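Student: Numbering (the numbering used here), first residue to last: 181 to 470. Glycine included, every Cβ here is placed at the ideal spot set by N, Cα and C. Model, not experiment: these values are computed from the prediction. Supplied in structure tokens, the structure appears directly below.
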């Protein structure tokens, strides 16, 4: 299910241990035309979302980047060029050095040598690394750019349960966001301003605010919660699936993701929506069949 305005070589990162960073990490990738989009996003993004932001842009390795100075003028958050093994911190913007690539390892940002081949997939490398490290606590955003970097990585993010965004046709260069959208890997197709406002909304969602103190997202819902039992019964009626055959942690993560997507703040509200015939197909969990 894609949410948008009413107008429309594989990367294999090493296994990464859990980071211990329970706040959401927002990975933003851009290429041609992306700096203007990032500036617009920061302009409308609150500085106290409790999220961390990592910005990757295709840059020439032959010229020193001024990204830190430029982006600092658009936000009250601290904007810093990444040093090797910097710890990811909330309400900070981390910018890739002009001559390096980055991966995320154990809650820290690791600088890696930049080759000509890795430069072309620097966004994929970051997205995939974060997806394996942060699971559903990562948000991926593809802004303006040429070619298809970011598509493989954003598929990894969505596969692990994270939320995904792509810039709409306001992008100066649409190849990168269109590639991610065509891959079926994008939840929200929005302008940079709208992405910022959606991130602000997500930061206030009860599950996102509470998740900062929980190591596992599924712990946000108690197995004995009566509203959870109502939801499972409704899903059983809609899907004809006995959910007791599935791992409860997987089911709970899917429910939380659905609630974040559709701005549902309580389990009780979600259960009521599932009883409405006109709306239940939209809100029920996809991917579960006989």
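Which residues share a DSSP beta bridge with residue 225?
Tutor: Locating residue 225 in the chain shown gives position 45, counting from the first residue. Answer is none; residue 225 lacks a bridge partner.
Student: Just the Cα atoms here: how many angstroms apart are residue 360 and residue 414?
Tutor: Counted from its first residue, the chain shown places residue 360 at position 180. Counted from its first residue, the chain shown places residue 414 at position 234. Using only the alpha carbons, I get a separation of about 33 Å.
Student: Grab me the residues of residue 451's own chain with a C-beta within less than 8 Å of its C-beta, minus the 5 sequence neighbours each way, in chain order.
Tutor: For this step, residue 451 is matched to residue 271 along the chain shown. 407, 410, 411 and 414.
Student: Count the other CB atoms within 10 Å of the CB of residue 265; is the residue buried (16 or more) or exposed (fewer)?
Tutor: Taking the chain shown and counting its residues from 1, the one referred to as residue 265 is at position 85. The residue in question, residue 265, is exposed, as its Cβ has fewer than 16 Cβ neighbours within 10 Å.
Student: Taking the alpha-carbon positions, what's the residue 445 to residue 293 distance?
Tutor: Counted from its first residue, the chain shown places residue 445 at position 265. Counted from its first residue, the chain shown places residue 293 at position 113. So the alpha carbons of these two residues sit roughly 43 Å apart.
Student: Of all the alpha helix (DSSP H) runs that stay within the bounds of the stretch 318 to 363, which reach a length of 4 or more residues?
Tutor: If we require 4 residues or more, the alpha helix (DSSP H) runs fully inside the stretch 318 to 363 come out as 331 to 339 and 355 to 362.
Student: Return helix, strand or coil for residue 366, following the three-state DSSP convention.
Tutor: Reading the chain shown from its first residue, position 186 is the one you call residue 366. Correct three-state label for residue 366: coil.
Student: Looking only at its chain, what residues have a beta carbon closer than 8 Å to the beta carbon of residue 455, apart from the 5 residues adjacent to it on each side?
Tutor: Within the chain shown, the letter at position 275 stands for residue 455. Excluding sequence neighbours, residue 455 sits near 414.
Student: Do the CB positions of residue 326 and residue 353 come within less than 7 Å of each other?
Tutor: For the purposes of this step, residue 326 is taken as the residue at position 146 of the chain shown. For the purposes of this step, residue 353 is taken as the residue at position 173 of the chain shown. Yes, the pair counts as a contact, with Cβ atoms nearer than the cut-off.
Student: Spatial neighbours of residue 261 within its chain, please: C-beta separation below 7 Å, excluding the five flanking residues on both sides.
Tutor: Taking the chain shown and counting its residues from 1, one reaches residue 261 at position 81. Correct list, in chain order: 248, 275 and 277.
Student: For residue 386, count neighbouring C-beta atoms within 10 Å of its own C-beta (all shown protein chains included) and say buried if the count is 16 or more, exposed if not.
Tutor: The sequence position of residue 386 within the chain shown is 206, counting from 1. With fewer than 16 other Cβ atoms within 10 Å, it is exposed.
Student: According to DSSP, is residue 212 part of a helix, a strand, or is it coil?
Tutor: Taking the chain shown and counting its residues from 1, the one referred to as residue 212 is at position 32. Here residue 212 sits in coil by DSSP.
Student: Do you know whose CA, among 233, 434 and 332, lies nearest residue 218's CA?
Tutor: Locating residue 218 in the chain shown gives position 38, counting from the first residue. When each option's Cα is compared against that of residue 218, the closest is 233.
Student: With DSSP as the reference, label residue 448 as helix, strand or coil.
Tutor: Here residue 448 refers to the residue found at position 268 when the chain shown is read from its first residue. Correct three-state label for residue 448: helix.
Student: Once you ignore the five residues that flank residue 379 on each side, which residues in its own chain have a CB closer than 8 Å to its CB?
Tutor: Position 199 of the chain shown, counting from 1, holds the residue named residue 379. Once the five neighbours on either side are set aside, the close Cβ partners of residue 379 are 206, 225, 229, 231 and 319.
Student: Would residue 381 be called buried (16 or more neighbouring beta carbons within 10 Å of its own) or exposed?
Tutor: Here residue 381 refers to the residue found at position 201 when the chain shown is read from its first residue. It is exposed - the Cβ of residue 381 has fewer than 16 other Cβ atoms within 10 Å.
Student: So who's on the other strand from residue 288, going by DSSP bridges?
Tutor: Reading the chain shown from its first residue, position 108 is the one you call residue 288. Residue 288 pairs with 267 and 285.
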